[in-house]
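Beneath this line is the structure, given in structure tokens, with notes to follow.
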Amino acid sequence: MDILFLVTCFGAAVTIFLWLRDLRIYGRTGYAGYRRAAVRGVLFSAAATAGIAAAWFGQPFLGIGLVLLALYLQGKDERERIWTDEDALTRFFGAATVKKR
């Protein structure tokens, strides 16, 4: 097992975590930016999973490239500012106040 495969798996796990965090924030706030990020997160998670498959089948640089592309594109989405003075752990898990819709 190559170290690049493990790095690819970790990057894909981070991509999926960020997608689920955006989905949780959208569910609690209803902001359109987080909805768009959650929908696009499905595609980025699929690209990261394809990166794992590419690394598994002997193309580790293609796999890590797909994961890095997914992480880069996921960070480019515009989102509303929902935190003001919360601590890092609250932001990490995506805890946001529930808004009535």
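So the sequence shown is numbered by this note's numbering: it starts at 1 and just counts up by one. Ideal Cβ positions, reconstructed from N, Cα and C, are used throughout, including at glycine.
Range of the contiguous alpha helix (DSSP H) that encloses residue 14: Residues 3-29.
Stretch-stretch touch, CB-based, cutoff 8 Å, three pairs: the region 44-52 with the region 66-74: These segments touch.
Three-state secondary structure (DSSP) of residue 74: When DSSP states are grouped into helix, strand and coil, residue 74 belongs to the helix group.
Nearest candidate by alpha-carbon position, reference residue 8, set 97, 63, 34 and 95: Considering only alpha carbons, the answer is 63.
Touch test, the region 54-61 against the region 17-32, Cβ-Cβ under 8 Å, three pairs minimum: No: the two stretches stay apart, fewer than three of their Cβ pairs being nearer than 8 Å.
C-alpha gap between residue 2 and residue 55, whole angstroms: Within the model, the alpha-carbon separation for residue 2 versus residue 55 is close to 9 Å.
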